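Engineer: Structure provided below as structure tokens; questions to follow.
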Amino acid sequence: MDLFFTMLVPLTICAIALYAATKRVDVYSALVRGAGSGLDTLVRIVPALIGLMTAVYMLRASGALELLAGALAPLLDRLGLPSELLPLMLVRPISGSAALGVGAELISTYGPDSPLGRTAAVMLGSTETTFYTIAVYFGAVGITKTRYAVPAALCADLTGFLAAAWAVRVCFG
Amino acid sequence: MTMTVIWTGMILVSVLCGLATGRGPAVAAAAVEGTSAAVQLSLSIAGMLCLWTGVMEVMRQSGLADKLSRLLRPILRRLFPQVARDREAMDSISANVSANLLGLGSAATPLGLEAARRLAQASPGVASDSLCMLVVCNTASIQLIPTTVASVRAAEGCAAPFDILPAVWLASALSVGVGILACKIFARMWRE
Numbered sequence: 000m001d002l003f004f005t006m007l008v009p010l011t012i013c014a015i016a017l018y019a020a021t022k023r024v025d026v027y028s029a030l031v032r033g034a035g036s037g038l039d040t041l042v043r044i045v046p047a048l049i050g051l052m053t054a055v056y057m058l059r060a061s062g063a064l065e066l067l068a069g070a071l072a073p074l075l076d077r078l079g080l081p082s083e084l085l086p087l088m089l090v091r092p093i094s095g096s097a098a099l100g101v102g103a104e105l106i107s108t109y110g111p112d113s114p115l116g117r118t119a120a121v122m123l124g125s126t127e128t129t130f131y132t133i134a135v136y137f138g139a140v141g142i143t144k145t146r147y148a149v150p151a152a153l154c155a156d157l158t159g160f161l162a163a164a165w166a167v168r169v170c171f172g
Numbered sequence: 000m001t002m003t004v005i006w007t008g009m010i011l012v013s014v015l016c017g018l019a020t021g022r023g024p025a026v027a028a029a030a031v032e033g034t035s036a037a038v039q040l041s042l043s044i045a046g047m048l049c050l051w052t053g054v055m056e057v058m059r060q061s062g063l064a065d066k067l068s069r070l071l072r073p074i075l076r077r078l079f080p081q082v083a084r085d086r087e088a089m090d091s092i093s094a095n096v097s098a099n100l101l102g103l104g105s106a107a108t109p110l111g112l113e114a115a116r117r118l119a120q121a122s123p124g125v126a127s128d129s130l131c132m133l134v135v136c137n138t139a140s141i142q143l144i145p146t147t148v149a150s151v152r153a154a155e156g157c158a159a160p161f162d163i164l165p166a167v168w169l170a171s172a173l174s175v176g177v178g179i180l181a182c183k184i185f186a187r188m189w190r191e
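Residue numbers (numbering that gives the first Met the number 0), protein chains in the order written: chain E, 0 to 172; chain W, 0 to 191.
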């Protein structure tokens, strides 16, 4: 099973390349062009990462995050959520770059294969930048009465966080 | 504007809290550290991120996304019963969902906005049930291969950065499922 998930990535790449080649796609040009657009994405998020990671680092150094985590720890414990991951859960719905920065920091501090590092990674992988997405969609089509979209989306986010902690316990014991 | 309030608030709280707890110097040092950490993170994930956007582009050109969106249509008709007969709307909704599944983020948003525009025509200014469902589906992550977070894990020296896939799928499925369920339940309660 471990081998399957390790090989899943190279197998996926291989299968996509073969499939595309049989469809007469110029695989290599497409790959290079796509990689270039990845660089564009990266260039776009770097300024946001610098701004937000600086703010998060300062917030952490000031002790404000510990205070907040300490205050909320009993509630988080009851939900099975580690309080170390509170900063990640707070920024996740607001900013994708900030969440990536906070998540990377957690993964680096606790190690990518530690339960905390894994839970942070699964949280990042199974939730989205909710408020940003809602703002973009409703803003683009001129909706002012959003009705139940925000509460429903937040239900999904909270479930995502709880499920991430639970799924890591189930999958990695 | 929201981000302005949040960012300024974060800086203000750090400065005030740092001064109050006597950690002023640490806050000052963190401001410098944060910037270089951000650049380091960007560089360390660049390679894998670009490889994956490349692979995704190959996938897009091979027509795999179109195929997936055709497969999804019967399921999506049930989620969007009000517009199930509107071919144009269902086309953009299923294209949006399949782009999200495949992690084609830059393609998913324009497709989703196209669908949203179509859905919003029926009730200008007020979010219809279908529009709420579309937005909630887009605020939940359904990406099958979370490449960015795997790049971060790889950059931190993880030997098998994708070993979290089953856990991610489990958590994503539960999260999306609850989002959809919440939409269906709220749609009955929210009269206005």
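Backbone N, C-alpha and C define an ideal beta-carbon position, used for all residues, glycine too. What you are looking at is a predicted structure, and each value in this text was computed from that prediction instead of being measured.
Mapping DSSP to helix, strand and coil, what is E/Lys144?
Structural biologist: Taking the first residue of the first sequence as position 1, residue 144 of chain E is located at position 145. Reduced to three states, the DSSP call for E/Lys144 is strand.
Engineer: Between E/Leu74 and E/Ser28, what straight-line distance do the alpha-carbon atoms span, to the nearest angstrom?
Structural biologist: Within the first sequence, the letter at position 75 stands for residue 74 of chain E. Within the first sequence, the letter at position 29 stands for residue 28 of chain E. Whole-angstrom Cα-Cα distance: 52 Å.
Engineer: Can you tell me whether E/Leu10 is buried or exposed, with buried defined as 16 or more other CB within 10 angstroms of its CB?
Structural biologist: Translated into positions along the first sequence, residue 10 of chain E becomes position 11. So E/Leu10 counts as exposed.
Engineer: Would you verify that the beta carbon of E/Pro81 is, or is not, closer than 9 Å to some beta carbon of chain W?
Structural biologist: Along the first sequence, one-based indexing puts residue 81 of chain E at 82. With 9 Å as the cut-off, E/Pro81 does not count as an interface residue toward chain W.
Engineer: List the residues of chain W that E/Cys13 touches, going by C-beta distances under 9 Å, in chain order.
Structural biologist: Within the first sequence, residue 13 of chain E is the residue found at index 14, counting from 1. Neighbours of E/Cys13 on chain W: none; closest Cβ ~10 Å, over 9 Å.
Engineer: Using the C-alpha atoms, what's the distance from W/Trp6 back to W/Ala25?
Structural biologist: Counting from 1 along the second sequence, the entry for residue 25 of chain W is found at position 26. Counting from 1 along the second sequence, the entry for residue 6 of chain W is found at position 7. Approximately 19 Å between the Cα atoms of the pair.
Engineer: Just the Cα atoms here: how many angstroms apart are E/Ala163 and E/Gly138?
Structural biologist: Position 164 of the first sequence, counted from the first residue, corresponds to residue 163 of chain E. Position 139 of the first sequence, counted from the first residue, corresponds to residue 138 of chain E. Taking the straight line from one Cα to the other gives about 30 Å.
Engineer: Distance check for E/Gly116 and W/Val177, CA to CA, integer angstroms please.
Structural biologist: Position 178 of the second sequence, counted from the first residue, corresponds to residue 177 of chain W. Position 117 of the first sequence, counted from the first residue, corresponds to residue 116 of chain E. Taking the straight line joining both Cα atoms gives about 25 Å.
Engineer: Pairs of beta-carbons, one from the stretch 81 to 90 of chain W and one from the stretch 88 to 106 of chain E, closer than 8 Å: are there three or more?
Structural biologist: The answer is no - the stretch 88 to 106 of chain E does not touch the stretch 81 to 90 of chain W, with fewer than three Cβ pairs under 8 Å.
Engineer: From the DSSP output, in three-state form, read off E/Thr128 for me.
Structural biologist: For this step, residue 128 of chain E is matched to residue 129 along the first sequence. It is coil, neither helix nor strand.
Engineer: When we look at the beta-carbon of E/Gly79 and count the other beta-carbons within 10 Å, is it buried (16 or more) or exposed?
Structural biologist: Taking the first residue of the first sequence as 1, we reach residue 79 of chain E at position 80. Answer is exposed; the Cβ neighbour count stays below 16.
Engineer: Which class does W/Val125 belong to by DSSP, given the choice of helix, strand or coil?
Structural biologist: Numbered from its first residue, the second sequence carries residue 125 of chain W at position 126. In this structure, W/Val125 counts as strand in the three-state DSSP scheme.
Engineer: With the cut-off set at 9 Å, would you say E/Leu173 and E/Pro86 are in Cβ contact?
Structural biologist: Because chain E here runs from 0 to 172, residue 173 of chain E falls outside it and cannot be looked at.
Engineer: Taking the alpha helix (DSSP H) that W/Ser174 falls in, what are its first and last residues?
Structural biologist: For the purposes of this step, residue 174 of chain W is identified with residue 175 of the second sequence, where counting begins at 1. First-last of the alpha helix (DSSP H) with W/Ser174: Leu164 to Met188.
Engineer: I think W/Ala29 touches E/Ala60, with their Cβ atoms under 8 Å apart; what is that distance to the nearest whole Å?
Structural biologist: In the second sequence, residue 29 of chain W corresponds to position 30, counting from 1. In the first sequence, residue 60 of chain E corresponds to position 61, counting from 1. Correct: roughly 4 Å between the Cβ atoms.
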